[in-house]
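One structure below.
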Amino acid sequence: MSSITPFVPMLLIYIVYVLRRAFIPSHHEERRAHVFSQHMQAFLLLTYLVLPSVSQIQFRSIRCTEIVDDITTGETISFLRSDTNIDCRSDKHQSFLRIIIPLILVYQLIPVMYFVLLFRVRHKLNPRDIDETTALRIVQSNRTDPDVIPLRFLFKGYSKHYWFWECLEAYRRMVFISGLPLFDSPINRGITGSVVSWGCALIYREVPPFKQTTTNLLNICTLQQITLTFFMATLIETGALVEYGGLNSYAIGSVLTCVNLAFVVAAFGFAYRFFQIKKKKEAEVQKTMNEQLVEYAGSLSNRKRTKSISERGRHDDDDELPAAMKEFVPIGQTPVIVEATE
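Here is the structure:
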């Protein structure tokens with residue numbers, strides 16, 4: 001049911017789009033493109049919001065566990081971990097699998113859809129083989145381009161060379177949210193989570209995809225924090241810290257909680273510093289624009305004053321000429337010569 005529910009608002013978005021488009025004349029192509037952009041953005045945002053939670057529920061619905069039912073015969077039974085009343089070998093659950101597996105495939109292809117849409121406008125996101133001024137103008141025009149506006153939330157914040165990175169991020173999140181719970185053993189989950197998060201931290205260290213240096217640094221620190229959390233959880237499950245270190249799980253949990261809170265405080269600190277710098281830069285830009293506007297207005301006023309003075313001076317010079325020079329006609333233009341030449 002959770003996999004089908006998001007299709008209802010998607011259908012409503014499409015119906016409203018068709019109705020709005022029907023009332024727009026066919027020759028108003030720009031308005032139609034703008035309406036399509038609005039509804040496409042709503043559709044993509046909806047898929048982006050529901051993907052993690054729906055994906056998690058889908059994978060939970062196929063995660064089964066086997067236990068020995070009869071020791072003498074070795075017969076086992078299989079039940080759903082999220083609901084032990086459901087027999088995974090029953091015909092009802094098998095019919096459910098034939099429905100949910102295609103839906104899982106559909107939802108897992110959503111990041112691929114993002115990539116295809118971004119790939120279509122990649123020349124606008126990362127212009128190449130053109131001068132820097134033209135490239136900057138193209139990037140600035142993306143704010144009003146109906147083909148790019150629906151996709152802004154997917155590439156905003158990333159460097160122009162990594163316009164596709166959010167597609168990879170979507171799969172990374174799904175690995176942690178949906179993939180790791182498929183492991184029956186908590187130790188296996190902890191080890192896998194530690195290795196995956198540590199590997200991601202190494203990748204982000206070598207390939208910083210974000211525009212802001214602080215964002216890249218914070219992302220690496222967060223991945224290291226996740227690595228530490230999974231590693232410590234593995235040690236708690238194995239009992240190594242209790243047996244060899246003399247630490248109990250409550251002490252370890254308290255330390256991890258403090259570390260996580262420290263990262264949260266650091267994130268808020270980075271965010272506050274970022275917005276302060278941004279606000280300061282905007283104020284400086286506004287001040288510079290005001291100064292340039294005043295300077296331009298002054299130069300324009302001086303130019304007009306100079307022009308009026310020069311025109312007045314020219315008229316004054318004309319007034320000072322003798323009457324004979326004012327009435328002078330070249331000999332070639334006299335009526336007699338003109339008549340003779342004709």
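For the sequence shown, the numbering used here begins at 1 and goes up steadily by one. Glycine is no exception: its CB is placed at the ideal position from the N, C-alpha and C atoms. All values derive from a computational prediction rather than experimental measurement.
Next item on the list: Go ahead and label Arg-189 buried or exposed: buried means 16 or more other beta carbons lie within 10 angstroms of its beta carbon, across all protein chains shown.
Entry: buried
Next item on the list: Measure the C-alpha to C-alpha separation of Asp-317 and His-28 and round it to an integer number of angstroms.
Entry: Because the pLDDT of Asp-317 is 48, which lies under 50, any placement of that residue in the model is unreliable, and the number read from its coordinates should be weighed accordingly. Asp-317 and His-28: Cα-Cα distance of roughly 58 Å.
Margin query: Going by DSSP in three states, Leu-51 sits in which element: helix, strand or coil?
Written below: helix
Check: Along the chain, where does the alpha helix (DSSP H) that runs through Ser-194 open and close?
Finding: 186–206
Check: DSSP on Cys-64, reduced to helix/strand/coil?
Finding: strand
Notebook entry, point to check: Cβ of Leu-202 within 9 Å of Cβ of Met-232?
Noted result: no
Margin query: For Trp-163 and Phe-153, I'd like the C-alpha separation in whole angstroms.
Written below: 11 Å
Note to self: For Ile-4, tell me which candidate among Leu-103, Phe-59, Gln-38 has the shortest Cα-Cα distance.
What the structure shows: Leu-103
Notebook entry, point to check: Rounded C-beta distance between Ile-220 and Arg-205? I'm assuming under 8 Å.
Noted result: 6 Å
Margin query: Quick check on the DSSP output: the alpha helix (DSSP H) that includes Thr-215 runs from which residue to which?
Written below: 213–238
Checklist line | Reduced DSSP secondary structure (H/G/I, E/B, other) of Ile-77 | finding: strand
Check: Per DSSP, which one or two residues make a beta bridge with Tyr-158?
Finding: Phe-210
Margin query: Looking only at its chain, what residues have a beta carbon closer than 7 Å to the beta carbon of Phe-230, apart from the 5 residues adjacent to it on each side?
Written below: Gly-190, Gly-193, Ser-194, Ser-197
Next item on the list: Identify whether Asp-91 lies in helix, strand or coil by the three-state DSSP scheme.
Entry: helix
Item checked: Closest Cα partner of Gln-212 within the set Arg-273, Val-175, Pro-186 -> Arg-273
Next item on the list: Just the C-alpha distance for Arg-89 and Lys-124, rounded to the nearest angstrom, thanks.
Entry: 52 Å
Check: For Ser-55, does the count of other Cβ atoms within 10 angstroms reach 16, so buried, or fall short, so exposed?
Finding: buried
Next item on the list: Compute the Euclidean distance between the alpha carbons of Phe-210 and Phe-155, then round it to the nearest angstrom.
Entry: 10 Å
Next item on the list: Taking Ile-177 and Pro-52 to be in contact with their CB atoms under 8 Å, please state how far apart those CB atoms are, rounded to whole angstroms.
Entry: 5 Å
Next item on the list: Please say whether Phe-59 and Leu-182 have beta carbons closer to each other than 9 Å?
Entry: yes
Check: For Ile-13, which three-state DSSP category applies?
Finding: helix
Note to self: What does the Cβ neighbour count give for Pro-25, buried or exposed, with the cut at 16 atoms within 10 Å?
What the structure shows: exposed
Next item on the list: Note down the Cα distance separating Ile-149 from Val-16, rounded to an integer number of angstroms.
Entry: 19 Å
Note to self: Report the CB separation of Ile-13 from His-34 in whole angstroms; it is logged as a contact under 8 Å.
What the structure shows: With a Cβ gap of about 15 Å, Ile-13 and His-34 do not count as contacting.
Check: For Leu-143, which three-state DSSP category applies?
Finding: In the sequence as displayed, the identity of residue 143 is Arg instead of Leu. Here Arg-143 sits in coil by DSSP.
Check: Between which two residues does the alpha helix (DSSP H) containing Ile-110 stretch?
Finding: 110–120
Next item on the list: Verify whether the separation of the beta carbon atoms of Leu-218 and Ala-267 is less than 9 Å.
Entry: yes
Margin query: Closest to Thr-144 by C-alpha separation, out of Asn-260, Phe-96, Ile-252, Glu-30, would be which residue?
Written below: Glu-30
Item checked: Alpha-carbon to alpha-carbon, Lys-160 and Arg-21 -> 33 Å
Check: In chain order, what residues of the same chain lie with their CB nearer than 7 Å to the CB of Ile-57, ignoring the 5 residues before and after it?
Finding: Ser-2
Note to self: Using CA atoms only, rank isn't needed, just tell me which of Thr-47, Pro-146, Leu-97 is closest to Cys-167.
What the structure shows: Thr-47
Item checked: Alpha-carbon to alpha-carbon, Thr-84 and Thr-343 -> Outside the shown range of the chain, which is 1 to 342, sits residue 343, and nothing can be said about it.
Margin query: With a threshold of 8 Å on Cβ separation, who are the neighbours of Leu-223 within its own chain once the five nearest residues in sequence on each side are excluded?
Written below: Ser-197, Trp-198, Cys-200, Ala-201, Tyr-204
Notebook entry, point to check: Going by beta carbon distance, what residues of the same chain come within less than 6 Å of Ile-110, once the five residues before and after it are set aside?
Noted result: Thr-47, Leu-51
Notebook entry, point to check: Where Phe-43 and Gly-179 are concerned, what is the direct C-alpha to C-alpha distance, given to the nearest angstrom?
Noted result: 25 Å
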